[in-house]
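Enquirer: One line per chain: the protein sequences are A and B, in this order.
Under the working numbering, the final residue of the first sequence carries the number 851; numbering is consecutive throughout.
Under the working numbering, the final residue of the second sequence carries the number 123; numbering is consecutive throughout.
For every residue, glycine included, the Cβ atom is placed at its ideal position computed from N, Cα and C.
Here the structure is a predicted model, which is why all the values come from computation and not from measurement.
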Amino acid sequence: MEITSLTVHELQALLRSAQISPKEVIEALGRRIDEVDPLIHGYLSHDLERAISEAGRVDVSLPLGGVPISIKDVISVKGHPCGCASKILQGYVAPYDATVIAKLRAAGAIPFGRVNMDEFAMGSSTENSAFGPTGNPWDITRTPGGSSGGSAAVVAADEGFAALGSDTGGSIRQPAALCGRVGLKPTYGRVSRYGLVAFASSLDQIGPITKDVRDAAILMNIIAGPDNFDSTSLDDQIPDFTIALEKGVKGLKLGLPKEYFIEGLDPEVENAVRTAVANLESLGAEVVEISLPHTEFALSTYYIIAPAEASANLARFDGVRYGFRAKNTNGLLDHYGKTREEGFGPEVKRRIILGTYVLSSGYYDAYYLRAQKVRSLIRQDFATAFERVDAIVCPTSPTPAFKLGERTSDPLSMYLADIFTLAANIAGICGISVPCGFVEREGKQLPVGLQILGKELNESTVLRVAHAYEQNTDWHKERPSI
Amino acid sequence: MSSKNFDVEYVAELARIKLTPDEIKTFESQLGLVLKHVAKLNEIDVSQVEPMAHSFPTYNVFREDETRECLDREAALSNAPHQAQGLFIVTKVVE
Chain A
370 MEITSLTVHE LQALLRSAQI SPKEVIEALG RRIDEVDPLI HGYLSHDLER AISEAGRVDV
430 SLPLGGVPIS IKDVISVKGH PCGCASKILQ GYVAPYDATV IAKLRAAGAI PFGRVNMDEF
490 AMGSSTENSA FGPTGNPWDI TRTPGGSSGG SAAVVAADEG FAALGSDTGG SIRQPAALCG
550 RVGLKPTYGR VSRYGLVAFA SSLDQIGPIT KDVRDAAILM NIIAGPDNFD STSLDDQIPD
610 FTIALEKGVK GLKLGLPKEY FIEGLDPEVE NAVRTAVANL ESLGAEVVEI SLPHTEFALS
670 TYYIIAPAEA SANLARFDGV RYGFRAKNTN GLLDHYGKTR EEGFGPEVKR RIILGTYVLS
730 SGYYDAYYLR AQKVRSLIRQ DFATAFERVD AIVCPTSPTP AFKLGERTSD PLSMYLADIF
790 TLAANIAGIC GISVPCGFVE REGKQLPVGL QILGKELNES TVLRVAHAYE QNTDWHKERP
850 SI
Chain B
29 MSSKNFDVEY VAELARIKLT PDEIKTFESQ LGLVLKHVAK LNEIDVSQVE PMAHSFPTYN
89 VFREDETREC LDREAALSNA PHQAQGLFIV TKVVE
């Protein structure tokens, strides 16, 4: 068995029993990257020498001792580049560690490489990266999803053991689904955002993309928890997320939201998801139909709130304190205008313009304030549903991976890729995507994801349902033939 | 909630982004469609609904006022596109 195809918990066992050294792990990873990354383009950069040197110093008795974790290019790792796949941050080197990175390091993990993403996490395909798209390991002519497409692709291609991503509207769960891996978006506030470059501050969360559900629980045990550097992080106790895994689904009530089985949902995806739900039922879960009546308004709500917050957050990129600065400008306004014109890509500009517009004088009430009110209604939908059920099961993505280039000229069709994931961010609840089958397209097998949504702070329940399903199926053991 | 007043050039000026005439035209049509889509929110009566800014509103989060390590000047300046003598060099603001 190849070292690089191991899960984190399998790797831990070999490291602790000294059957393999942390240095050998990094070297194996380096060889695998040389072999497959020219095809995938999952990494923007990686520093093998540095990782080998860190591997020489780690304590393998620590919870993640010697385990390399691939890092999305939006999370600060001291001394590593942090460019958000944007030209405006080209050459920027993070001067401090994000809280999640400090926690990973304290647990003995080695933050490894910078994985590709849509610029500033805005997109659903990684095609908005200023450095070219990532290919899906199951069919490299297709998208791995986004925005954490690099995170999902490197884990799917066994050129990463596990990765951190960020999820503002589905950016962890959707690529995990499209690449046949596990992706968890924690409850808003569960994981500190300190050191995460902000996109939409009321929606952003960091979470893991892994090869199986146990690995997601293991990583959550390390990265979750309150943080003095993020005033929105929640004080609540962090359970051992691995404990719930073995509890099974017997006695749990799962809700099937009728609004998620609509026109636009690929019939084969629907079939895979319904089969998975029947499987959970056969394992002892009770499945009931529920309604989340404001689902159809989630996309519109999201595309007001997220760009509005982004337009404010991205004002900091002014070419003064860090990043790119345009040359030969004439006065301050010209300096700002040209720096941001040359530094930002089209989707980022589009969202800044949209966000600035919905916040501008005369339009604030009509757009932003109204969207915040609808946000309350969407959140109430989930609160009502969770009075009846323990978790909600539905598709992660309406379609399997689409072709690179297929949706780039039509932003609205790209936005629809997140139609089933963004309500969880709007409501602040947690959710996971777990592989639940394949559909065939042009002779290639493409993964399908089952999404399990849970009440706030109820990661244990979604992990429990996901694990019960996973252990009863073999989808997570499938590997692309790359 | 209509997009007929959507002046991309003006909004880009507010956002301090220069755009080419081509970009202005493309964004006008693309964002026009997005605004048409989000007009869907007008279908809901929200007169009795409180707006929500955050999933878990928290107020006045305090920590102890203690000294701690922070970035030194060199590190803070290390990513500046233009710096000298421990200072950021900015484009001339005042004539």
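#1: Over what stretch of residues does the beta strand (DSSP E) that includes A:Thr579 continue unbroken?
#2: Sorted by chain position, which residues of the same chain lie with C-beta nearer than 8 Å to A:Pro662's C-beta, five sequence neighbours on each side aside?
#3: In chain order, what residues of the same chain lie with their CB nearer than 6 Å to the CB of A:Gly339, ignoring the 5 residues before and after it?
#4: Would you check if the region 480-497 of chain A and the region 511-519 of chain A touch, i.e. whether three or more CB-CB distances between them fall below 8 Å?
#5: If you drop the 5 nearest sequence neighbours on each side, which residues of the same chain put their C-beta closer than 7 Å to that of B:Arg96?
#6: What does a CB cutoff of less than 7 Å around A:Ala420 pick up in its chain, not counting 5 residues either side in sequence?
#7: Give, in chain order, every unbroken run of the alpha helix (DSSP H) that is at least 4 residues long and sits entirely within the region 478-566 of chain A.
#8: Taking 8 Å as the CB-CB cut-off, is A:Ser374 touching chain B?
#9: Just tell me which of A:Ala645, A:Ser782, A:Pro764 and A:Ile575 has its CA closest to the CA of A:Ser669.
#10: For A:Phe789 versus A:Thr753, is the C-beta distance shorter than 8 Å?
#11: Select from A:Tyr557, A:Ala679 and A:Gly452 the residue whose C-alpha is nearest the C-alpha of B:Phe84.
#12: Counting only Cβ-Cβ distances shorter than 7 Å, please list the residues of the region 66-94 of chain B near chain E, keeping chain order.
#13: Does any residue of chain B have a CB that is nearer than 8 Å to the CB of A:Lys707?
#14: Hey, A:Asp596 and A:Ser602 are a contact pair by Cβ (cut 8 Å); roughly how many whole angstroms apart?
#15: Identify the contact partners of A:Gly797 in chain B, using a Cβ-Cβ distance below 7 Å as the criterion.
#16: Looking only at its chain, what residues have a beta carbon closer than 7 Å to the beta carbon of A:Ala740, apart from the 5 residues adjacent to it on each side?
#17: Could you tell me which of A:Leu408, A:Lys580 and A:Val727 sits nearest to A:Ala531, measuring between CA atoms?
#18: Strictly under 8 Å for the Cβ-Cβ distance: is A:Thr611 near chain B by that measure?
#19: Work out the CA separation of A:Arg748 and A:Ala585 for me, nearest whole Å.
#20: Classify A:Phe693 as helix, strand or coil using the three-state DSSP reduction.
#21: Please work out which residues of its chain come closer than 7 Å, Cβ to Cβ, to A:Leu723, disregarding the five sequence neighbours upstream and downstream, and give them in chain order.
#22: In the region 732-763 of chain A, which residues sit with their C-beta less than 8 Å from some C-beta in chain B, listed in chain order?
#23: Taking Cβ-Cβ distances shorter than 9 Å, what residues in chain B pair up with A:Gly477?
#24: Can you pull the chain A neighbours of B:Lys46, defined as C-beta to C-beta under 7 Å?
Expert: Let's see:
#1: Your numbering for residue 579 of chain A matches position 210 in the first sequence. Where A:Thr579 is concerned, the enclosing beta strand (DSSP E) stretches over Gln574 to Thr579.
#2: Walking along the first sequence from the start, residue 662 of chain A turns up at place 293. The residues are Glu628 and Asp750.
#3: Look at the range of chain A in this structure, 370 to 851, and you will see that residue 339 of chain A is not part of it.
#4: Counting Cβ pairs under 8 Å, three or more are found: they touch.
#5: Here residue 96 of chain B refers to the residue found at position 68 when the second sequence is read from its first residue. Beyond the five residues adjoining it in sequence on each side, B:Arg96 comes within less than 7 Å, by CB distance, of no other residue in the same chain.
#6: Translated into positions along the first sequence, residue 420 of chain A becomes position 51. For A:Ala420, where only same-chain residues beyond five positions count, the Cβ hits under 7 Å are Ile395, Pro437, Ile479 and Phe481.
#7: 518-525 and 542-548
#8: Translated into the one-based positions of the first sequence, residue 374 of chain A becomes position 5. No, A:Ser374 lies away from the interface with chain B (no Cβ there is under 8 Å from its Cβ).
#9: Taking the first residue of the first sequence as position 1, residue 669 of chain A is located at position 300. It is A:Ser782 whose Cα lies nearest to the Cα of A:Ser669.
#10: Within the first sequence, the letter at position 420 stands for residue 789 of chain A. Within the first sequence, the letter at position 384 stands for residue 753 of chain A. The answer is no: Cβ separation not under 8 Å.
#11: Numbered from 1 along the second sequence, position 56 holds the residue referred to as residue 84 of chain B. When only C-alpha atoms are compared, the closest one is A:Tyr557.
#12: No chain E is part of this structure, whose protein chains are labelled A and B.
#13: One-based indexing of the first sequence puts residue 707 of chain A at position 338. Interface residue, yes.
#14: Residue numbering aside, residue 596 of chain A sits at position 227 when the first sequence is read from its first letter. Residue numbering aside, residue 602 of chain A sits at position 233 when the first sequence is read from its first letter. Taking 8 Å as the upper bound for CB-CB distance, A:Asp596 and A:Ser602 are in contact here, some 5 Å apart.
#15: To locate residue 797 of chain A, count along the first sequence from 1; it is residue 428. The contacting residues are Ser83 and Phe84.
#16: For the purposes of this step, residue 740 of chain A is taken as residue 371 along the first sequence, with counting starting at 1. Counting only Cβ-Cβ distances below 7 Å, and skipping sequence neighbours, we find Thr670, Ile673 and Ile674.
#17: The residue you call residue 531 of chain A lines up with position 162 of the first sequence. That would be A:Lys580, whose Cα lies nearest to the Cα of A:Ala531.
#18: Translated into the one-based positions of the first sequence, residue 611 of chain A becomes position 242. Not closer than 8 Å to any Cβ of chain B, the Cβ of A:Thr611 fails to qualify, so no.
#19: For this step, residue 585 of chain A is matched to residue 216 along the first sequence. For this step, residue 748 of chain A is matched to residue 379 along the first sequence. When the Cα atoms are used, A:Ala585 and A:Arg748 turn out to be separated by approximately 25 Å.
#20: Taking the first residue of the first sequence as 1, we reach residue 693 of chain A at position 324. Of the three classes helix, strand and coil, the one that applies to A:Phe693 here is coil, per DSSP.
#21: Taking the first residue of the first sequence as 1, we reach residue 723 of chain A at position 354. Same-chain partners within the cutoff: Pro676.
#22: Ala735, Tyr736, Leu738, Arg739, Ala740, Gln741, Lys742, Val743, Arg744, Ser745, Leu746 and Arg748
#23: Start at 1 with the first residue of the first sequence, and residue 477 of chain A comes out as number 108. Neighbours of A:Gly477 on chain B: none; closest Cβ ~22 Å, over 9 Å.
#24: Start at 1 with the first residue of the second sequence, and residue 46 of chain B comes out as number 18. Chain A residues near B:Lys46: Gly706, Lys707 and Glu710.
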